[in-house]
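Structural data, given as structure tokens:
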């Protein structure tokens, strides 16, 4: 198994999962860098995994499928959630479905509404072929942040992030954007004394200074530094109560407060 992280646009990452010169692509918003990589390394497109319908995640699909067809490759399987903007699917998937990428390599589908209502993530657990589990989470979870609530509620996002929190801490968080430094700056306004966050800030800045990606991170790290993964802590409830006159009783209400703050940060 090989895993490739391809930059696109200003801050997107396109993810490629490869075995025996065949590959699945996650959220190909731009086909060109993927095609260049495939042609250079003689890789065939086996399938496409879609997390949600935004154009920076699906905009390159048609071109990629056309390229595969012209290259006389095998049939390509497109998988994703039900949404009217996603018109090219061979298979519509739902929560807890399995997608066989390769023999003995099974992706588990997780429904994770919040950023959009039909958003899904793909989890590859530890197996003979997978020494480290991986989570392809689209725009639900970012390094030290989470996606904007374009369609879902704060409670939707909270429940989705709680699903991620139950995964093994070594799980690699393969998110779709390089938003980390901005997310860290915001997180430090909430937990300025969080020593794990302070250390992560140093590491992340060093990585970006050399143009190195800060992702993937891990679930274990996100639980230490990501305010949206920490909304159930009493300290987070206390902070949220200090910045809003509203009466707060639940962790999802805490998330709503800090997500609104992040929207205008």
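In the working numbering, the protein residues as written are 6 to 270. Positions of the beta carbon are idealized from the N, C-alpha and C atoms, including for glycine.
State the DSSP-derived secondary structure class of residue 17, mapped to helix, strand or coil. Here residue 17 sits in strand by DSSP.
Touching or not, the segment 157-169 and the segment 203-210, by the rule of three or more beta carbon pairs under 8 angstroms? The segment 157-169 is not in contact with the segment 203-210.
Using the Cα positions of residue 104 and residue 114, report the straight-line distance between them to the nearest angstrom. If you take the alpha carbons of residue 104 and residue 114, they lie about 7 angstroms apart.
Check whether the segment 244-258 and the segment 169-178 touch, using three or more Cβ-Cβ pairs below 8 angstroms as the test. Contact between the segment 244-258 and the segment 169-178 is absent, because fewer than three Cβ pairs lie under 8 angstroms.
Quick check: the Cα distance between residue 96 and residue 85, rounded to an integer number of angstroms? Each residue's alpha carbon lies about 7 angstroms from the other.
Pop quiz: residue 66 and residue 93 are said to be a contact at Cβ under 8 angstroms. What is the actual Cβ separation, rounded to whole angstroms? Right, their Cβ atoms sit about 6 angstroms apart.
Residue interval of the beta strand (DSSP E) (run including residue 225): Under the DSSP assignment, residue 225 falls outside any beta strand (DSSP E), being part of the alpha helix (DSSP H) whose first and last residues are 224-230.
Does the distance from the C-beta atom of residue 166 to that of residue 224 stay below 8 angstroms? For residue 166 and residue 224, no; Cβs fall outside 8 angstroms.
What distance in whole Å lies between the Cβ atoms of residue 156 and residue 122, which are believed to be in contact at a cut-off of 8 angstroms? Right, their Cβ atoms sit about 5 angstroms apart.
Whole beta strand (DSSP E) elements within the segment 177-256, 3-residue minimum: Those beta strand (DSSP E) runs which fall completely within the segment 177-256 and span 3+ residues are 177-180.
Compare the beta carbon distance of residue 40 and residue 20 with 8 angstroms and say whether it is the shorter of the two. Cβ distance not < 8 angstroms, so residue 40 and residue 20 don't count as in contact.
Closest residue to residue 17 among 80, 144 and 269 (Cα-Cα distance): Of 80, 144 and 269, the smallest CA-CA separation from residue 17 is found for 144.
Going by Cα to Cα distance, which pick from 215, 135 and 186 is closest to residue 202? Checked all of 215, 135 and 186; the closest Cα to residue 202 is 186.
Give me whichever residues DSSP pairs with residue 82 in a beta bridge. Partner(s): 52.
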